[in-house]
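Protein chains in written order, with this note's numbering: chain A, -2 to 111; chain B, 3 to 113.
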Amino acid sequence: DAMVIQNPRYQVTQFGKPVTLSCSQTLNHNVMYWYQQKSSQAPKLLFHYYDKDFNNEADTPDNFQSRRPNTSFCFLDIRSPGLGDAAMYLCATSQKGGGKETQYFGPGTRLLVL
Amino acid sequence: TQLLEQSPQFLSIQEGENLTVYCNSSSVFSSLQWYRQEPGEGPVLLVTVVTGGEVKKLKRLTFQFGDARKDSSLHITAAQPGDTGLYLCAGHLKENTPLVFGKGTRLSVIA
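Following this line, the structure appears as C-alpha cells:
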C-alpha cells in the first residue's frame, strides 16, 4: 500500500522552463518535506511544511518554491531550472508531536534538465 | 561540518560475509534512524532507535544505539546480494528539529 506517492517518477524539462513535482500521502501526517539528492550524496532538506506553516532552509535557492494546498498534497515548483538542478527530489512525511517522529520517504522524482 | 560521520563510505564484500557500518557524532541525538536506498528509489526506513544502549534486530540486521546516544552501528550477518544499496543514518538532535543525515555507506554484496 503506497503511503507517500510522488508523480511523475521521471521528469524531463528544458533549461529555464518551470516545472512542478507533486507528492501525496495517505498517512495523514502533519509534516511534509522536500529533499534534493544528487548522485552518491545524502538527501539535502530544501523546506518543510508543519501543517500550513512553511519552513525554508537558509541555503535553499529562491528558485525553489513549495505549496501545500491541503494535508495530503505538497508541490515543489522550480521556477527556472538550471542544469545544476538535475537531481532526485524526495518527498517525506512525519507526524510531529509526542516524541521521536519517523520520516517516511516517497520513491522520488528524478529530474533531468536539458 | 558533518554532524553524522558514516564509515566506511564504500564497502564491497562477498556473499555470506558479515559487516558493520558505523555512524558517529560528537553530538547527542534524541533519536536515530537507519534507511536503505536502492538506485532510483527513495530511502526505506529500516529502524528507529531512541534509547541509549538500545539494540534492535531485524532478521540478519542488528542495530545498536550508543549509551550516550552519540553513535550507532548496523551489523549485517551473512550478507546477501539483496542487501546491496546505500545505507543512510539520520537523526534528530532535538525533538521537532529537521533530520540530520550522514553521507551514507554504499554496500555491494557480490554473489
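For glycine and all other residues, C-beta sits at the position ideal for the given N, C-alpha and C.
Quick one: is B/F31 near chain A, going by C-beta distance under 7 Å?
For this step, residue 31 of chain B is matched to residue 29 along the second sequence. Taking Cβ atoms only, chain A never reaches closer than 7 Å to B/F31, which makes this a no.
Kindly indicate if chain B contains any beta-carbon less than 7 Å away from that of A/K93.
For the purposes of this step, residue 93 of chain A is taken as residue 96 along the first sequence, with counting starting at 1. Contact with chain B is found for A/K93, since one of that chain's Cβ atoms lies less than 7 Å from the residue's Cβ.
Does the structure place the segment 81 to 94 of chain B close enough to the segment 9 to 25 of chain B that three or more beta carbon pairs sit under 8 Å?
Cβ pair count under 8 Å is three or more, so yes.
Give every residue of the same chain whose Cβ lies closer than 6 Å to the Cβ of A/D74, excluding the five residues on either side of it in the sequence, and list them in chain order.
Reading the first sequence from its first residue, position 77 is the one you call residue 74 of chain A. Counting only Cβ-Cβ distances below 6 Å, and skipping sequence neighbours, we find T17, Q62.
Just to check my reading of the structure: B/T22 and B/S74 have Cβ atoms closer than 8 Å, yes? What is that Cβ distance to the nearest angstrom?
Along the second sequence, read from residue 1 onward, the residue named residue 22 of chain B stands at position 20. Along the second sequence, read from residue 1 onward, the residue named residue 74 of chain B stands at position 72. Rounded to the nearest angstrom, the Cβ distance from B/T22 to B/S74 is 11 Å, too far for a contact under 8 Å.
Apart from the five residues just before and just after B/L13, which ones in its own chain have a Cβ nearer than 8 Å to its Cβ?
In the second sequence, counting from the first residue as 1, residue 13 of chain B sits at position 11. Closer than 8 Å at the Cβ level, and outside the excluded window around B/L13, lie L21, V23, T107, R108, L109, S110.
Does the beta-carbon of A/Y7 have 16 or more other beta-carbons within 10 angstroms, so that it is buried, or is it exposed?
Reading the first sequence from its first residue, position 10 is the one you call residue 7 of chain A. Taking all protein chains shown into account, A/Y7 has fewer than 16 neighbouring C-beta atoms within 10 Å of its C-beta and is therefore exposed.
Is A/D82 helix, strand or coil when you go by DSSP?
Here residue 82 of chain A refers to the residue found at position 85 of the first sequence. If DSSP states are grouped into helix, strand and coil, A/D82 belongs with the helices.
Below 8 Å CB to CB, which residues in the same chain sit around B/I112 once its five sequence neighbours on both sides are set aside?
Position 110 of the second sequence holds residue 112 of chain B. Excluding residues within five positions, the ones whose Cβ falls inside 8 Å are S14, I15, Q16, E17, P83.
B/L5 beta carbon less than 7 Å from that of B/S27
As a first step, residue 27 of chain B must be located in the second sequence, where it is residue number 25. As a first step, residue 5 of chain B must be located in the second sequence, where it is residue number 3. Contact flag set, yes.
Following the continuous beta strand (DSSP E) through B/E17, name the residue where it begins and the one where it ends.
Numbered from its first residue, the second sequence carries residue 17 of chain B at position 15. No beta strand (DSSP E) contains B/E17, which DSSP labels as neither H nor E.
Based on Cα-Cα distance, which residue from B/K105, B/E97, B/C91 lies nearest to B/W36?
Numbered from 1 along the second sequence, position 34 holds the residue referred to as residue 36 of chain B. Taking only the C-alpha atoms, the option nearest B/W36 is B/C91.
Under the three-state reduction of DSSP, which class applies to B/G84: helix, strand or coil?
Position 82 of the second sequence holds residue 84 of chain B. Three-state DSSP puts B/G84 in a helix.
Consult DSSP for A/L109 and reduce its assignment to one of helix, strand or coil.
The residue given as residue 109 of chain A occupies position 112 in the first sequence. In this structure, A/L109 counts as strand in the three-state DSSP scheme.
Within a Cβ cutoff of 6 Å, which residues of the same chain sit near B/H77, ignoring the five residues on either side of it in sequence?
Here residue 77 of chain B is taken as the residue at index 75 of the second sequence, counted from 1. Cβ neighbours of B/H77 beyond the five flanking positions: T22, T64.
Hey, would you say B/G87 sits closer than 7 Å to B/D69, going by beta carbons?
Looking up residue 87 of chain B in the second sequence gives position 85. Looking up residue 69 of chain B in the second sequence gives position 67. Taking 7 Å as the Cβ cut-off, B/G87 and B/D69 do not qualify as a contacting pair.
Who are the Cβ neighbours of A/G13 in its own chain at under 6 Å, not counting the five residues just before and after it?
One-based indexing of the first sequence puts residue 13 of chain A at position 16. Scanning its chain for C-beta atoms nearer than 6 Å, with the 5 sequence neighbours on each side dropped, one finds around A/G13 the residues S77, in chain order.
Could you spell out where the beta strand (DSSP E) holding B/S33 opens and where it closes?
As a first step, residue 33 of chain B is located in the second sequence; it is residue number 31 there, counting from the start. Where B/S33 is concerned, the enclosing beta strand (DSSP E) stretches over 33 to 39.
Taking only beta-carbon positions, decide if A/L108 is within less than 7 Å of chain B.
By 1-based counting over the first sequence, the position of residue 108 of chain A is 111. Not one chain B Cβ lies under 7 Å of A/L108.
Chain A contact for B/T99 (CB, 7 Å cutoff)
The sequence position of residue 99 of chain B within the second sequence is 97, counting from 1. At a cut-off of 7 Å between C-beta atoms, B/T99 does not count as an interface residue with respect to chain A.
Proximity to A/Y30 [Cα-Cα], best of A/A83, A/C88, A/Q11
Position 33 of the first sequence, counting from 1, holds the residue named residue 30 of chain A. Nearest option by C-alpha distance: A/C88.
Can you pull the chain B residues whose beta carbon is under 7 Å from the beta carbon of A/Y101, in chain order?
On the first sequence, position 104 is the one that residue 101 of chain A refers to. Residues of chain B passing the Cβ test: L47.
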